[in-house]
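Numbering follows this note's numbering, in which position 522 of the sequence shown is assigned residue number 522; successive positions increment by one, without gaps. Every residue gets a Cβ at the ideal spot worked out from N, C-alpha and C, and that includes glycine. Note that the coordinates shown come from a computational prediction; the quantities given were computed from them, not determined experimentally. Below you'll find the structure, written out as structure tokens, and then a few comments.
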Amino acid sequence: MRPALLRLLKRPSALSVLDSLISIPTGIEELESRCKKECLRYYSQSQVQKIDEHGAEFEQLGGHRLRRRSQPRPSSFRVYEIQPPRSEVANSNEFAKLLESTTSSTGLPRDVGLQLEKLEFESDVGHSNDIGTRLVDDPTRRHDFALWEELLRYRQRHYGDKGTLDIWEGLMVRVEGVQLPVRGERADFFWQSFVNLGLKRAVIMNELENYASDLWKKTGNRWDRFYESVVGGFIEQGKPQRAVEWHKKLQHIHLSSPNDILRVLKPALTLCRKPGSRDISSKNRRRISSGLWIFQNICHCTKDHRIYGPVICTLLRNGHYEDVFPMHKFLVARNDHPQTYEDIQPLLEFAKENWPRPLLQKLACYVDEHFPNRIDLMEKDDPTTKDLQTKKGAWLEEKPFKDEFGARLFATKAFNFDMIISGLQMLGVSSIGPQTLREMAVRAHGSQDILDKLRQLQTAGISTGNSVFARLIRKLAAENREVLLSDLLKSDQHFEMLEDVAMQESLLVSYYASRDWRQYNMTLAILTEARKERPDLSNVHFRKFIAADEWRFASNVVDDMALRDRALSKESIEFMVRHVLTPRKQGHMPRHIRGRSLVKEVTFVSQILQRGVKAGTPVSPELWVEILKRLGMINRWHDLRDCSLWLARQYSSIPKNTVGSRTISAPVKRHSELARVDGNRLLEAIFTSQMQAAIVSWGFKMRISRNPEKEYQPFGVDSEVAIPWVRGLVLLRELEQNGVQLQVRDIRQACRQRLKVIFGRSFESSRGMNRMLRRENPYSIDQVIGDIHRAWGEPSLFGGREHDDLHRLVNPPVSKMSLRRTARNGRQRKAAAIRSDMIVYSRSRLNNQEPP
Numbered sequence: 001m002r003p004a005l006l007r008l009l010k011r012p013s014a015l016s017v018l019d020s021l022i023s024i025p026t027g028i029e030e031l032e033s034r035c036k037k038e039c040l041r042y043y044s045q046s047q048v049q050k051i052d053e054h055g056a057e058f059e060q061l062g063g064h065r066l067r068r069r070s071q072p073r074p075s076s077f078r079v080y081e082i083q084p085p086r087s088e089v090a091n092s093n094e095f096a097k098l099l100e101s102t103t104s105s106t107g108l109p110r111d112v113g114l115q116l117e118k119l120e121f122e123s124d125v126g127h128s129n130d131i132g133t134r135l136v137d138d139p140t141r142r143h144d145f146a147l148w149e150e151l152l153r154y155r156q157r158h159y160g161d162k163g164t165l166d167i168w169e170g171l172m173v174r175v176e177g178v179q180l181p182v183r184g185e186r187a188d189f190f191w192q193s194f195v196n197l198g199l200k201r202a203v204i205m206n207e208l209e210n211y212a213s214d215l216w217k218k219t220g221n222r223w224d225r226f227y228e229s230v231v232g233g234f235i236e237q238g239k240p241q242r243a244v245e246w247h248k249k250l251q252h253i254h255l256s257s258p259n260d261i262l263r264v265l266k267p268a269l270t271l272c273r274k275p276g277s278r279d280i281s282s283k284n285r286r287r288i289s290s291g292l293w294i295f296q297n298i299c300h301c302t303k304d305h306r307i308y309g310p311v312i313c314t315l316l317r318n319g320h321y322e323d324v325f326p327m328h329k330f331l332v333a334r335n336d337h338p339q340t341y342e343d344i345q346p347l348l349e350f351a352k353e354n355w356p357r358p359l360l361q362k363l364a365c366y367v368d369e370h371f372p373n374r375i376d377l378m379e380k381d382d383p384t385t386k387d388l389q390t391k392k393g394a395w396l397e398e399k400p401f402k403d404e405f406g407a408r409l410f411a412t413k414a415f416n417f418d419m420i421i422s423g424l425q426m427l428g429v430s431s432i433g434p435q436t437l438r439e440m441a442v443r444a445h446g447s448q449d450i451l452d453k454l455r456q457l458q459t460a461g462i463s464t465g466n467s468v469f470a471r472l473i474r475k476l477a478a479e480n481r482e483v484l485l486s487d488l489l490k491s492d493q494h495f496e497m498l499e500d501v502a503m504q505e506s507l508l509v510s511y512y513a514s515r516d517w518r519q520y521n522m523t524l525a526i527l528t529e530a531r532k533e534r535p536d537l538s539n540v541h542f543r544k545f546i547a548a549d550e551w552r553f554a555s556n557v558v559d560d561m562a563l564r565d566r567a568l569s570k571e572s573i574e575f576m577v578r579h580v581l582t583p584r585k586q587g588h589m590p591r592h593i594r595g596r597s598l599v600k601e602v603t604f605v606s607q608i609l610q611r612g613v614k615a616g617t618p619v620s621p622e623l624w625v626e627i628l629k630r631l632g633m634i635n636r637w638h639d640l641r642d643c644s645l646w647l648a649r650q651y652s653s654i655p656k657n658t659v660g661s662r663t664i665s666a667p668v669k670r671h672s673e674l675a676r677v678d679g680n681r682l683l684e685a686i687f688t689s690q691m692q693a694a695i696v697s698w699g700f701k702m703r704i705s706r707n708p709e710k711e712y713q714p715f716g717v718d719s720e721v722a723i724p725w726v727r728g729l730v731l732l733r734e735l736e737q738n739g740v741q742l743q744v745r746d747i748r749q750a751c752r753q754r755l756k757v758i759f760g761r762s763f764e765s766s767r768g769m770n771r772m773l774r775r776e777n778p779y780s781i782d783q784v785i786g787d788i789h790r791a792w793g794e795p796s797l798f799g800g801r802e803h804d805d806l807h808r809l810v811n812p813p814v815s816k817m818s819l820r821r822t823a824r825n826g827r828q829r830k831a832a833a834i835r836s837d838m839i840v841y842s843r844s845r846l847n848n849q850e851p852p
């Protein structure tokens, strides 16, 4: 039984009591006891006796001593660890770890020497304000990971995931050039904390992956458990698509060999044991657990893995007997065979006792094929072995029939159809290939003749197979579609190409663009037969119209799908985004291309996405963020507002009354119920702190006319007139009413930055829009701040600082990054001016003129 003191210290109530004692301003912390050390010694000895009485299990494990702290904690109220002297108590590794975890849970700094009342201030580094006031701002302490660890533990304990996010932003934004350790317990703590946060927030996971990739490129170092923590985390959460997606991203850097995918086999087996986890499996994978189905998808994305032995042995050892045979078939189909007989021997022994006879025969044939010299290890009188030998004799009697030989038979005019059928029966042929079938159909006289010959083949016991070509021949002949049948027989496409759906879809788009209708109709028939399990080709037609830049027809397809209760697929959404939206660099708006309208393309994509969501199509938060960014960059404020409010109403879990909007219609009820299951999570991923700050900045992105045609009334038709620059704050308040959680600190920082651009110290901005707004500003600072206060409401956005120190409010501290960017832009403009002068001078010399 663990000591009572340790159990008490681990309780949350004990933490609150300790914090209360520490926060006392005067009294106990001023007392100094001369016999402090002696009391501590006797107290420690009494604790040792208690441990000896209640922890018998710790007495049996010896050889390890507790480490006494070399330095006391510098705190106003001295709280010491109660540990026995090193020479008196022997303890186990488990007890030492217990003491360490208990000490960490109290929140006391162990090595960095911080008092508890200063931890709140020092750990508040998730912003770029007051740079230089924290310990981590000191270049000598920037790489002190003991300090960073204490700050992270404190923020996690008091703020949870928000605290972890603050430390991550401090490492990435506030300080520069910090390289996290990649080995040791401290490295595991840092990386695992950030990965756990990234599993809940996609934006943080992307930032963490980018940081890990940059660290690998710069130093060649990486955290060895990054792959299994990320991919395994998504597997444990039951998110197969995310797990496979991140496997593709991480495998090239974080996997030393393809066999390292075994790291995520354990999380996959853990998911298999969860109740109800089989719901992930679909109709085509009912025979395998959901976790192993995710693992199979990861294997599909990994080439040349050799993991048969470890996987099969792990499944048998953990009792997943029902999944052994499906996993065996999967690995064999992937050309992942057992390397030695010992790899498959446990499966063979298990199969003899538990599998039905047909499965055991298949496995015995497989073992004999790959390990023929081990067949003597099986019992001679085993019926499976006898059946195997009988089956081998049957294989020797059966002679393969080549498709090319059959095609030559039907192409020879000297042989009629009846002679060929008799010869095939005499040879024992049970089926013919597509090439033989084509020659037979070419010699036939029309659809009815083809049907008659197919019946004769069936009567003779000869199958034509189940390929796409064979099914098309039977279907077109039965429907008497002579033209399509003739085009199919004359086509030069290989039979395997007919099975490739992606290739046929590409050909369909090509024939549609060239208006080759005969080839188009033939390809459409091939696609219909190849996608027999999904006969609806609406998504194919949608992608066809998108590739041909016929957006109006694509929109009509979406409307028709909505009437038939169909939804756009994920492939169609990705295809539309790739072909419609103009590519852009990060942080820059798309370039204008002749003949393309940035406004039309982003408006079209936004409308299609909204209609797709109503029909049940899942759209990733990253895509919505990209749409909002493009609308803001091209200054389409009304479209940005409409799209933002639509998203808030669509995904919010809070029922709201309809807020006035220009063109937004209420979402469909039956689909909104599905969309609101994870609505808050989606809204949090879309309207991040960066997006909210960007909305404020885009609201200021408006040139003020001296004689505006219409005054801005943000609160209704009969409301007071306000400055148009506050429209971003008005939109954020509307989003808050619809369930979006606002990040007040980032909104305040964005407002101060905009005020600095317009009213701050005199400086020349690198952006033309900022210079124009400052030059043509018709408002006073008091008028702008007053309208900001009216738009935001109570409490004040600036906390009363607009009355105390207005100058400092509009002149926030400048970050080092901003200073470097300003200097760089200034040098670039100066160099451009020099180049312009040189060009003018050269031209004047060529024209024998004096330079101006």
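Exposed or buried, residue i, counting other C-beta atoms within 10 Å across all chains shown (16 or more means buried)?
i	result
lysine 629	buried
aspartate 805	exposed
glycine 587	exposed
glutamine 610	buried
histidine 246	A small fix is needed here, since residue 246 is tryptophan in this sequence, not histidine. Buried, because 16 or more other Cβ atoms sit within 10 Å of the Cβ of tryptophan 246.
glycine 163	buried
threonine 688	buried
arginine 564	exposed
lysine 453	buried
lysine 544	buried
leucine 527	buried
phenylalanine 325	buried
phenylalanine 194	buried
tyrosine 321	exposed
aspartate 214	exposed
glutamine 156	buried
Who are the near neighbours of residue i in its chain, counting only those whose CB is closer than 8 Å to its CB and skipping five residues on each side?
i	result
aspartate 279	Summary for aspartate 279: the model assigns pLDDT 38, below 50, so the residue's position carries little reliability; its value from the coordinates is reported in the next sentence. Once the five neighbours on either side are set aside, the close Cβ partners of aspartate 279 are Ser290.
arginine 754	Val696, Ser697, Phe700, Trp725
glutamate 499	Ser467, Val468, Ala530
glutamine 783	Ile723
isoleucine 298	Val231, Ala243, Val244, His247, Ile261, Val264
arginine 670	Only weak support is given to the placement of arginine 670: the predicted model assigns it a pLDDT of 42, under 50, and the value that follows is read from those uncertain coordinates. If we look at arginine 670 and ignore the five residues flanking it on each side, it has no Cβ neighbours.
glutamine 607	Ser555
What distance in whole Å lies between the Cβ atoms of residue j and residue i, which are believed to be in contact at a cut-off of 8 Å?
i	j	result
threonine 151	glutamate 117	According to the sequence shown, residue 151 is leucine rather than threonine. Between glutamate 117 and leucine 151 the Cβ distance is about 14 Å, and since that is not below 8 Å, they are no contact.
methionine 576	valine 605	6 Å
aspartate 323	leucine 347	Going by Cβ atoms, the distance from aspartate 323 to leucine 347 rounds to 12 Å, so no, they are not a contact pair.
Among the options, whose alpha-carbon lies nearest the alpha-carbon of residue i?
i	options	result
serine 486	Ala444, Tyr512, Asn539	Ala444
arginine 801	Ile785, Asp304, Val136, Tyr341	Ile785
lysine 352	Asn259, Ile462, Leu363	Leu363
glutamine 741	Asn770, Cys751, Met691, Ile781	Met691
asparagine 770	Tyr511, Lys756, Asp516	Lys756
arginine 474	Pro434, Gln493, Ser689	Pro434
phenylalanine 405	Thr436, Ser431, Asp746, Ser463	Thr436
aspartate 188	Val173, Trp223, Leu208, Val625	Trp223
isoleucine 781	Ile758, Gly799, Pro795, Gly768	Ile758
serine 256	Gly220, Lys239, Thr270, Phe330	Gly220
Apart from the five residues on each side of it in sequence, which residues of its chain come closer than 7 Å, Cβ to Cβ, to residue i?
i	result
glycine 679	Tyr651, Ser652, Ser653
phenylalanine 145	Pro181, Arg186
glycine 751	Checking the sequence shown, residue 751 turns out to be cysteine, not glycine. Once the five neighbours on either side are set aside, the close Cβ partners of cysteine 751 are Val696, Ile788, Leu797.
tryptophan 624	Leu647, Ile686
arginine 334	Cys299
methionine 702	Pro724, Trp725
contact_flag[the region 553-560, the region 491-510] where n(CB pairs < 8 Å) is 3 or more: no
Touching by the beta-carbon criterion (3+ pairs, under 8 Å), the region 197-210 and the region 681-693: yes
Stretch-stretch touch, CB-based, cutoff 8 Å, three pairs: the region 244-260 with the region 219-232: yes
The region 454-461 contacting the region 503-511, beta-carbon criterion three pairs below 8 Å: no
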